[in-house]
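Chemist: In our numbering, the protein residues as written are 796 to 1064.
The structure under discussion is supplied below as C-alpha cells; questions concerning it will follow.
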C-alpha cells in the first residue's frame, strides 16, 4: 500500500513538473553567485540543514560559477540572529560584511522565516529587504534573484504545532509575500537597469507538499527545511528564469533521481 502511494506520488510529481516549468529562452552567464539569507541558503557558515546540495550550490554549478555564500542559519532580515544567540549575522550584517566581485554576478536573496519565529512583523521584514536591495544596488548588483516564502504554516513542523499556530503562520507568510511583492515592484520601477528575478517558492511548495508520511520523508529533512530533492526543485525553478537550457531536460534528471530515491527507500524499508 505504501509503495503504491509512493509510486502514485512520484507519477504526480513528474506530471506537475512538466506543467509547472516552462521552456526557458533567456540566456544568462555568470562568473559568480553571491547569496544572502538564512538556513534555507546556508551551506555551512553556521550549519547546513539538508542532506545534500543547497539550491544555490546547484545554481552556481549550473553556470560553472564561483559561489560566495554569506547566508547564516537563524538570520533575521535585520541585523541579529536570536536563534543562534548572536547579535549579528542577520541580513543587514551580511550586507555590511560581505566581500565578493560584483562583475558578472548573480545576487540571491531569500530570507524572512526567522522574523516570524521571533514574533516580528512581516511589514518590518519586507522593509528590511527593501533596504537590502538598495544596498546591493549601491554595491553594483544588477542581476538579483529574490525568493518569497513558502507557506510556513503548511510545513510539517507547524502542522504538528496545531491548527491555530499553523493558521497564524500561514497568515504571516501571506502578508509578508504581499508586502515583498510591493517592495520588488517599487524597486524594479525605480531601477530599470536591474534584472530582477522573482523566485516564487510559495507556489512551488504548494504544488509539491502533499501531506503523507512518504512525501514528508522525501521532501523534508526535519519538518521545516527541504531535503536535497526540495533544494533541487528550487534551483530548477530559478534556472527556468536564468538560463537558455530547456528546463524539461534537467527536470527529467530530477524525476529520475526522485524515482531512484523512492525505490532505494522502499528497498531499505
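Where is the CB? At the ideal position from N, CA and C, for every residue including glycine.
(1) So, does the segment 826-840 touch the segment 854-871, judging by three or more C-beta pairs under 8 angstroms?
(2) In this structure, does DSSP put residue 950 in helix, strand or coil?
(3) In the DSSP assignment, what residue or residues form a beta bridge with residue 1070?
(4) For residue 906, which residues in the same chain have their Cβ closer than 6 angstroms to its Cβ, ignoring the five residues on either side in sequence?
(5) Expressed to the nearest angstrom, what Euclidean distance is found between the alpha-carbon atoms of residue 990 and residue 1037?
(6) Are three or more beta carbon pairs between the segment 973-980 and the segment 921-935 nearer than 8 angstroms?
(7) Thinking just about the alpha-carbon of each residue, which of 948, 959, 902 is nearest to the one in residue 1085?
(8) In chain order, which alpha helix (DSSP H) runs of at least 4 residues are fully inside the segment 829-893?
(9) For residue 933, does the count of other Cβ atoms within 10 angstroms reach 16, so buried, or fall short, so exposed?
(10) What do you reckon, are the CB atoms on residue 863 and residue 895 nearer than 7 angstroms?
(11) With 16 other CB atoms within 10 Å as the buried threshold, where does residue 1022 fall?
(12) Name the residue from 829, 877, 880 whose alpha carbon lies nearest to the alpha carbon of residue 855.
(13) Leaving aside the five residues before and after residue 888 along the sequence, list all residues of the same chain whose C-beta is less than 6 angstroms from its C-beta, in chain order.
(14) Apart from the five residues on each side of it in sequence, which residues of its chain come closer than 7 angstroms, Cβ to Cβ, to residue 1078?
Modeler: Quick look at the numbers:
(1) Touching, per the Cβ criterion.
(2) coil
(3) Past the boundaries of the shown model lies residue 1070; the chain is included only from 796 to 1064, so the question cannot be answered.
(4) 832, 833, 872, 886
(5) 10 angstroms
(6) yes
(7) Given a span of 796 to 1064 for the chain in the structure shown, any question on residue 1085 remains unanswerable.
(8) 850-857, 886-892
(9) exposed
(10) yes
(11) buried
(12) 829
(13) 874
(14) Given a span of 796 to 1064 for the chain in the structure shown, any question on residue 1078 remains unanswerable.
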